[in-house]
Amino acid sequence: DAGITQSPRHKVTETGTPVTLRCHQTENHRYMYWYRQDPGHGLRLIHYSYGVKDTDKGEVSDGYSVSRSKTEDFLLTLESATSSQTSVYFCAISARQGDTDTQYFGPGTRLTVL
Amino acid sequence: AQSVTQLDSHVSVSEGTPVLLRCNYSSSYSPSLFWYVQHPNKGLQLLLKYTSAATLVKGINGFEAEFKKSETSFHLTKPSAHMSDAAEYFCVVSDRGGYNKLIFGAGTRLAVHP
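Shown next, in the form of structure tokens:
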């Protein structure tokens, strides 16, 4: 499972409240990613990180921010949650295997915004 | 830009019959391609990956996929379906850029009937 944990695993919150999701890895991988999964869309990249304090936007970054103050933790924050952010959120790391980079995923966080 | 199209949103087979999940990709250069599987309420598991070493790729649980450059396809097959294969399957292309960003297909839900 590439040593990835996500917390919380489930969360219900109200519109307008801030929410922070945590991704923790134990294997010192440089690259980390946040995705959201919605029916009919597969997974879509929100933000990614290529090192401590180095982050960039993905395909669906509006309404989200991230922080990475240490290698093992990558935080995703919804500053003011909206119902459209109800989704399942997955964190991933990228591991080099031979000549290929392969991503491995955490167990996911199911977020419901009422 | 890279993109992935999974040609069937749902596939239904009987146990013991062959499985074919179709995927076409678009890429401006030689891509890295992946198939991931997601069982109900679970995270994503890597099934197999293509990295240009061999066009026929074998994965876990008896699955394999063939890379056909002329057809820009990477279809997933299995000779004999098992009930435990019921899941959602994602075809994924990597942009092979420095940050290994992934582009997901919308997914194919496989149902296996007794």
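If you're matching them up, the sequences are chains A and B in order. With the working numbering applied, the first sequence covers -1 to 112. With the working numbering applied, the second sequence covers 5 to 118. Each residue gets a CB set at the ideal place from its N, CA and C atoms; glycine is no exception.
A contact is defined here as three or more CB-CB pairs under 8 Å, and the segment 29 to 48 of chain A meets this definition with respect to the segment 70 to 88 of chain A. By the rule that beta-carbons nearer than 9 Å mark a contact, B/S13 touches chain A. In this model, A/Y48 and B/V15 are separated by some 37 Å (Cα to Cα). According to DSSP, residue pairing for A/Y62 in a beta bridge involves A/L76.
When 8 Å is used as the limit between beta carbons, B/A110 is near these residues of chain A: G38, H39, G40, in chain order. At the C-beta level, A/N26 and A/T69 come within 9 Å of one another. A/T98 reaches chain B at S36, K53, T55, counting residues in chain order whose Cβ is nearer than 7 Å.
Contact with chain B is absent for A/S65, since none of that chain's Cβ atoms lies less than 9 Å from the residue's Cβ. In the DSSP assignment, A/D52 forms a beta bridge with A/G49. B/S98 has its alpha-carbon roughly 33 Å from the corresponding atom of A/V10. With distances taken between CA atoms, A/T98 lies nearest to B/K53 out of B/K53, B/L24, B/T9. Residues of chain B whose Cβ lies closer than 7 Å to the Cβ of A/S92 are, in chain order, N104.
Across the structure, A/T80 and A/Q35 are spaced so that their CA atoms are roughly 16 Å apart. Across the structure, B/A110 and B/C95 are spaced so that their CA atoms are roughly 8 Å apart.
With respect to the 9 Å criterion, B/L50 and B/N65 are not classified as neighbours on the basis of their beta carbons. Against chain B, the CB of A/Q101 has a partner CB under 9 Å away; the residue lies at that interface.
For B/L80, the nearest beta carbon of chain A is not closer than 9 Å to its own beta carbon.
Between the beta-carbon of B/Q42 and that of B/I107 there is about 17 Å, and that puts the pair past the 8 Å contact cut. Close to chain A, meaning a Cβ-Cβ distance shorter than 7 Å, are the following residues of the segment 67 to 97 of chain B: F94.
Under DSSP, B/A69 forms a beta bridge with B/V61, B/L80. Rounded to whole angstroms, the gap between the alpha carbons of A/C21 and A/Y87 is 10 Å. If you compare the alpha carbons of A/V17, A/G1, A/A93 with that of A/H8, the shortest gap goes to A/V17.
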